[in-house]
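A.B. asks: One structure, as structure tokens, below. Some questions next.
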Amino acid sequence: MSFLLNTHIHNSIESFRANRSRSLLTSVGIAVGMACIVLILSLSGGLKQLLVDQVSGENGNILVVRPESNRSANDKSFLSLIGSTQTYARSSLTTKDVETISKLKDVKAVAPLAITENNLKGEQEAVAGKVVATTEGLDNIVELPLEYGAFLEDSSQLNQIVLGHKLSQRLFDAVETVGETVKVKDKVFLVVGVLREIGEPINYNDIDFDESAIIALNRAGQINDNLQIQQINVKVANQAATDKVFENINKQLTKLHGEPDFSVVNGANVSNSTNRLFDVVGYILSLVAGVSLVVGGIGVMNIMLVSVSERTREIGIRKAVGATNGNIMMQFLFESLTLSLIGGLLGLGFGYAFAFGISSMMPFNPMVSWQIVGVVLAMSVTIGCLFGLFPAARAAHKDPIDSLRHYR
Amino acid sequence: MNERVQPIIELNELSKRYGIGDAEYFALSNLNLTILPGEFVMIMGPSGCGKTTLLNIMGLLDRATSGQYLLDGKAVERISRRRQARMRGNKIGFIFQNFNLVPGLNVIENVALPLVYRGYYKTRRLTVASKVLERFHLQEREYYMPWQMSGGQNQRVAIARALVNNPSIILADEPTGNLDSRNSHIVMEELKEIHDQGNTIVMVTHNAALTTYATRVINMLDGQIDTDVKTTADADLPTAAPKEPKKAKPRKKPRKNKKGKS
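Given below as structure tokens:
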């Protein structure tokens, strides 16, 4: 016996068209919830993709070493996720690690990052800003195009500083500030370069370079006795060697520290530690959107119940001419599926339209992936079945004689 | 023609009880009836005598409380609802007083409806339905909606629907009840034509004038057969079991409430 699939699909589309406005409104109820979920998933996905791309963008040959405050790398509890995105009170990474890594085979460049909040004083009043202590290797790893001047030199005897584009403007009301001096904690630094505007406030270094000043790590001791290295960026000579270098760093640093109190990540999982918080926030937002989906689902159930009671007579006729309870059940189940699937597709459209609208003001694009489409379709089907089940069962169990006698 | 033919419907000691306790009454009580192929049976009687209940049970829409029902020689009183539904689709054609066409479907789709549940594909369904409609001279109105046509036309569509699955028996519940005399006449002529083509029809009616079309008239009273008369001495009709002619048997079960349900 065939399942009358074609007939059910045809019937449900016909019934959607017959009650156009009512059906469409119900679908929009589903669409709103779906749009929220699409928005959240695509934006958070886009954000993660952005970070991964920055690291593995060129050749996938960058590794990031981060201190791990929790000893266990397997501990993925909620609190440790949040903790991992904060600046570390006590970093386990030292300048010695930097030297060790730079001596490893196939390592092309190493750039430690030690970020501190400091007041910088230019010509006018002091301005709060981030001071990044690093080495000249940073220029090699992160693309930092210079507007004026040159990047730091490790061997220089001077207190050199490179200003971010916006920071330079705030300090001096000018961009061409090479040769000026900036005071950081009473120490005088000579501006040797100004960065071009980058406009990427979100990256795997957690630094907005436009708003930061960069100094050499070996000079940073003057302004901060207790310098913490938050991460070490490592550029590998070629992609093929990445895995080997990854292992070597792990081995060498474990030997140095005596315990694995750090983690090495590469492009694919660089976003894991920095931005698992985004995931958590995304899940919580999705949950809220899920509540609106339940509301939409109740709307579907409501309309289906109306439809069933409106068409009591039709049910009676269909049963009289040979429809089984199962046939009737499937017919109404397909109808609620149509409502929720059309809602899901509308939501997909709305969600992406909105996501692209928002992203035009953001430094990243929303993620377009079949996973999101899959999630939306699966949820639509689930909602359609779940909330269509009760009305369909009600339709199926109507008594044919009473139904035939039913007057509207 | 003395050989015994297989009756289409055979009811033995059939009872249908409604209500329980004090409210209990029998819409049908210990009813015996045999309907042979090719008969045009008209069931008459006052409202509440159990005519419609009998028709519903014969149409497998309802189940009897007790007794035996053989449809095409098969006992059907205990089969599952699912198989009952399939049997309705395969063996029985219904015609109702208020036509009962699905309002959202056009004429040809309405006629093709029973074939849906037989699992026919769409083209085949529509071809078969179209052929049946041609017999009723309705082929120009295949794509009309039910509300665009007169009552008589609607009823002819309903008859076409009842015929589309080649049923063993056609059950009609006051098919002319909602029609004026002219349309009644047209519909009855159609039914007669169907009967002449060899179909078996059981029809419930209030209108005594229509009994001229029938080959057998049954009068019911209080859930039992009161009189059972063959109106036309139809030589072509096969003779049935020696049980005939049937007469009402004395009631065996007392009824507290004689008011029936039509």
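Protein sequences, first through last, are from chains A and B. Residue numbers 640 to 1047, in the numbering used here, belong to the letters of the first sequence in order. Residue numbers 8 to 269, in the numbering used here, belong to the letters of the second sequence in order. A virtual CB, placed ideally from N, CA and C, is assigned to each residue, including glycine.
Note down, in chain order, every chain A residue with its Cβ under 9 Å from the Cβ of F143 of chain B.
C.D. replies: Near F143 of chain B there are no residues of chain A at all, since even the closest Cβ is about 17 Å away, more than 9 Å.
A.B. asks: Please tell me whether V667 of chain A and N757 of chain A are closer than 7 Å, where the distance is taken between their beta carbons.
C.D. replies: No, they are not a contact pair.
A.B. asks: Find the residues of chain B that neighbour K687 of chain A, judging by a C-beta separation of less than 8 Å, and give them in chain order.
C.D. replies: Those do not exist, as K687 of chain A stays about 48 Å from chain B at its closest Cβ, beyond 8 Å.
A.B. asks: Run through the region 649-710 of chain A for me and flag every whole beta strand (DSSP E) of 3 or more residues, listed as ranges in chain order.
C.D. replies: Here the runs fully enclosed are 701-706.
A.B. asks: Who are the Cβ neighbours of G747 of chain A in its own chain at under 6 Å, not counting the five residues just before and after it?
C.D. replies: First, the residue type needs correcting, since residue 747 of chain A is Lys and not Gly in the sequence shown. Result list for K747 of chain A: K874, A876, in chain order.
A.B. asks: In this structure, what does DSSP give as the bridge partners for A750 of chain A?
C.D. replies: Bridge partners of A750 of chain A: A:N872.
A.B. asks: Which runs of the beta strand (DSSP E), 3 residues or longer, sit entirely within the region 137-218 of chain B?
C.D. replies: 176-180, 207-211, all fully within the region 137-218 of chain B.
A.B. asks: What are the start and end residues of each continuous alpha helix (DSSP H) run of 4 or more residues lying completely inside the region 1007-1033 of chain A, in chain order?
C.D. replies: Taking only runs of at least 4 residues, no alpha helix (DSSP H) segment lies wholly in the region 1007-1033 of chain A.
A.B. asks: Under a CB-based cut-off of 7 Å, is P121 of chain B close to chain A?
C.D. replies: Judged by the 7 Å Cβ criterion, P121 of chain B is in contact with chain A.
A.B. asks: To the nearest angstrom, report how far apart N905 of chain A and I701 of chain A are at their CA atoms.
C.D. replies: Taking the straight line from one Cα to the other gives about 6 Å.
A.B. asks: For L810 of chain A versus V766 of chain A, is the C-beta distance shorter than 7 Å?
C.D. replies: In contact: L810 of chain A and V766 of chain A (Cβ atoms closer than 7 Å).
A.B. asks: Alpha carbons only, please: which of B:M195, B:K23, B:V12, B:I15 is nearest the one belonging to A221 of chain B?
C.D. replies: The candidate whose alpha carbon is nearest that of A221 of chain B is B:M195.
A.B. asks: With DSSP run on the structure shown, which of helix, strand or coil describes K742 of chain A?
C.D. replies: If DSSP states are grouped into helix, strand and coil, K742 of chain A belongs with the helices.
A.B. asks: In the DSSP assignment, find the beta strand (DSSP E) that holds D235 of chain B and state where it starts and stops.
C.D. replies: Its beta strand (DSSP E) spans residues 231-237.
A.B. asks: Would A928 of chain A pass as a contact of G672 of chain A if the rule is Cβ separation under 7 Å?
C.D. replies: Their beta carbons are under 7 Å apart, which means A928 of chain A touches G672 of chain A by this criterion.
A.B. asks: Using 6 Å as the cut-off, classify the Cβ of N658 of chain A as near or not near the heavy atoms of the ligand GDP, replying yes or no.
C.D. replies: What this structure holds is no ligand at all, so the ligand GDP is not there to describe.
A.B. asks: Name, in chain order, the residues that DSSP records as bridge partners for S22 of chain B.
C.D. replies: According to DSSP, which records beta bridges pairwise, S22 of chain B is partnered with B:S73.
A.B. asks: How many Å lie between V114 of chain B and L120 of chain B at the Cα?
C.D. replies: Taking the straight line from one Cα to the other gives about 10 Å.
A.B. asks: Give the secondary structure of C220 of chain B by DSSP, where H, G and I count as helix, E and B as strand, and everything else as coil.
C.D. replies: Correcting the residue identity first, residue 220 of chain B is Tyr in this sequence and not Cys. Helix, per DSSP.
A.B. asks: Between which two residues does the beta strand (DSSP E) holding T41 of chain B run?
C.D. replies: It spans 32-42 - the beta strand (DSSP E) in which T41 of chain B sits, taken as one unbroken run.
A.B. asks: Name, going along the chain, the residues of the region 941-967 of chain A whose beta-carbon falls closer than 8 Å to a beta-carbon of chain B.
C.D. replies: Flagged, chain order: R952, E953, G955, I956, R957, K958, A959, V960, G961, A962, T963, N964, G965, N966.
A.B. asks: Could you tell me whether the region 972-985 of chain A touches the region 1001-1010 of chain A, using the rule of 3 or more Cβ pairs below 8 Å?
C.D. replies: Result no; under three Cβ-Cβ pairs closer than 8 Å.
A.B. asks: If I'm right that A994 of chain A touches L678 of chain A with Cβ under 8 Å, what's the distance once you round it to whole angstroms?
C.D. replies: With 8 Å as the limit, A994 of chain A and L678 of chain A qualify as a contact, their Cβ atoms being about 5 Å apart.
A.B. asks: Taking only beta-carbon atoms, is K265 of chain B less than 7 Å away from chain A?
C.D. replies: Interpretation of K265 of chain B is limited by its pLDDT of 47, a score under 50 that renders its predicted location unreliable; the figure taken from the coordinates is listed afterwards. No, its Cβ sits nowhere closer than 7 Å to a Cβ of chain A.
A.B. asks: Please list the partners that A657 of chain A has in chain B, where partner means a Cβ-to-Cβ separation under 8 Å.
C.D. replies: Those within 8 Å of A657 of chain A in chain B are G111.
A.B. asks: So, with DSSP's three-state summary, where would you put I15 of chain B?
C.D. replies: Reduced to three states, the DSSP call for I15 of chain B is coil.
A.B. asks: Check K958 of chain A in the structure and name its three-state DSSP category.
C.D. replies: DSSP places K958 of chain A in helix when its eight states are reduced to three.
A.B. asks: Quick one: Cα of L944 of chain A to Cα of A1034 of chain A, how far?
C.D. replies: Roughly 9 Å separates the two Cα atoms.
A.B. asks: Taking 7 Å as the threshold (beta carbon to beta carbon), is L1005 of chain A in contact with chain B?
C.D. replies: It is worth fixing the name first, because residue 1005 of chain A is Pro in this sequence and not Leu. Taking Cβ atoms only, chain B never reaches closer than 7 Å to P1005 of chain A, which makes this a no.
A.B. asks: Short of 7 Å in beta carbon distance, which residues of its chain neighbour I652 of chain A, apart from the five on each side in sequence? Order them along the chain.
C.D. replies: Here the set comprises T977.
A.B. asks: Nearest by alpha-carbon distance to P182 of chain B: which of B:F103, B:D229, B:Y127 is it?
C.D. replies: If we check each option's Cα against that of P182 of chain B, B:F103 comes out closest.
A.B. asks: So, for T238 of chain B: in the same chain, excluding its five sequence neighbours on each side, which residues have a beta-carbon less than 8 Å away from its beta-carbon?
C.D. replies: Once the five neighbours on either side are set aside, the close Cβ partners of T238 of chain B are T218, T219, A221, T222, R223, V224.
A.B. asks: Counting along the chain, where does the alpha helix (DSSP H) carrying T639 of chain A start and finish?
C.D. replies: Residue coverage of chain A in this structure runs from 640 to 1047, which leaves residue 639 of chain A outside it and unanswerable.
A.B. asks: Below 8 Å on the Cβ atoms is my contact criterion, and I expect E836 of chain A with H804 of chain A to pass it. Report the Cβ-Cβ distance as a whole number of Å.
C.D. replies: Contact holds; Cβ gap of about 4 Å.
A.B. asks: Kindly say whether T1021 of chain A, judged by its beta-carbon, lies nearer than 7 Å to any beta-carbon of chain B.
C.D. replies: Output row for T1021 of chain A: interface = no.
A.B. asks: Based on the DSSP output, what are the partners of M51 of chain B in its beta bridges?
C.D. replies: Per DSSP, B:N226.
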